[in-house]
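Note sheet for the following structure.
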Amino acid sequence: MARAQREIGAALLEVTRHADVPSEALRDDGLIEAIPELAALGETPQDPHWHPEGDVLVHSLWAADLAASHALEHDLDADRRQLLVTASLFHDVGKPQTTRRMNGRISSHGHAERGGEVFRAMGRRLALPRPLVDAVAAIVETHMAHLSVRGDPSPRAVRRLQHRLAAAGTSLDDWGIVVRCDGEARGPAARPDASQPWRRVAARLQ
């Protein structure tokens, strides 16, 4: 018998809130197959120059595990842990619909913005809590914002991002953790924490 969507959503919430290694828990509970948006990640390739670790699912599960490890290391409360793990798991959920092969390379322009739309629709279907959906969608939509500038962002850009995240019930700190997990979950192509310049400017603004 197929599982009800609400039951699948409840199982996902349990994993993101409590599992020490979300990737294992998701596989053990059959959630990757039960959630089409996750299954599609496993069928979506990435440019090996930027993502030698493998397809989008491999990358996303790794990012979720890193977020869970961060939450454990810093003794974060269950609500914040759930937000960070969920956002890290679904940060590239827009890639299946935006990935293209061009001139021998793989690109996914617009995947962040599309990902927010995909996650909101998924959240409604799985009956996920609205505050969680809003916060995760905001992080998903903006997780590539750091690519819009070279070096330190302007105070105006940082304030704009802070206000957008705060309006959705999250923060620049939460965004920064997801961005860092995204950057680290790339095997030999792992890159320095791209959120640091934004945090640095935010600290000066305070």
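The sequence shown begins at 365 in our numbering and counts up by one.
Each residue gets a CB set at the ideal place from its N, CA and C atoms; glycine is no exception.
For the beta strand (DSSP E) that contains residue i, what are its first and last residues?
i: Ser471; result: 469 to 471
i: Met466; result: 464 to 466
Classify residue i as buried or exposed, calling it buried when 16 or more other Cβ atoms lie within 10 Å of its own Cβ.
i: Arg488; result: exposed
i: Val497; result: buried
i: His527; result: exposed
i: Arg370; result: exposed
i: Ala531; result: exposed
i: Ala368; result: exposed
Considering residue i, what are the terminal residues of the alpha helix (DSSP H) in which it resides?
i: Gln526; result: 519 to 531
i: Gly547; result: 536 to 548
i: Gly373; result: 369 to 382
i: Met486; result: 475 to 489
i: Ala501; result: 494 to 506
i: Ile399; result: Ile399 -> no alpha helix (DSSP H), and no H or E assigned at all.
i: Arg568; result: 560 to 569
i: Leu421; result: 420 to 437
i: Glu388; result: 386 to 392
Determine, using beta carbons only, whether residue i and residue j come nearer to each other than 7 Å.
i: Gly418; j: Leu492; result: no
i: Val542; j: Ile503; result: yes
i: Gly336; j: Pro416; result: Residue 336 is absent from the structure shown; the chain starts at 365 and stops at 570.
i: His507; j: Ala485; result: no
i: Ser471; j: Lys459; result: no
i: Ala451; j: Pro386; result: no
i: Ser424; j: Leu453; result: yes
i: Ala389; j: Ala398; result: no
i: His510; j: Ala435; result: no
Output the distance between the C-alpha atoms of residue i and residue j, rounded to the nearest integer angstrom.
i: Thr443; j: Gly468; result: A quick correction: the sequence has Asp, not Thr, at residue 443. Distance between the alpha carbons of Asp443 and Gly468 is about 42 Å.
i: Arg494; j: Asp538; result: 17 Å
i: Ala567; j: Ser535; result: 13 Å
i: Gly515; j: Pro409; result: 29 Å
i: Ala553; j: Trp414; result: 6 Å
i: Arg391; j: Asp546; result: 20 Å
i: Leu421; j: Phe483; result: 15 Å
i: Val513; j: Ala428; result: 26 Å
i: Ala499; j: Arg524; result: 16 Å
i: Gly540; j: Leu529; result: 11 Å
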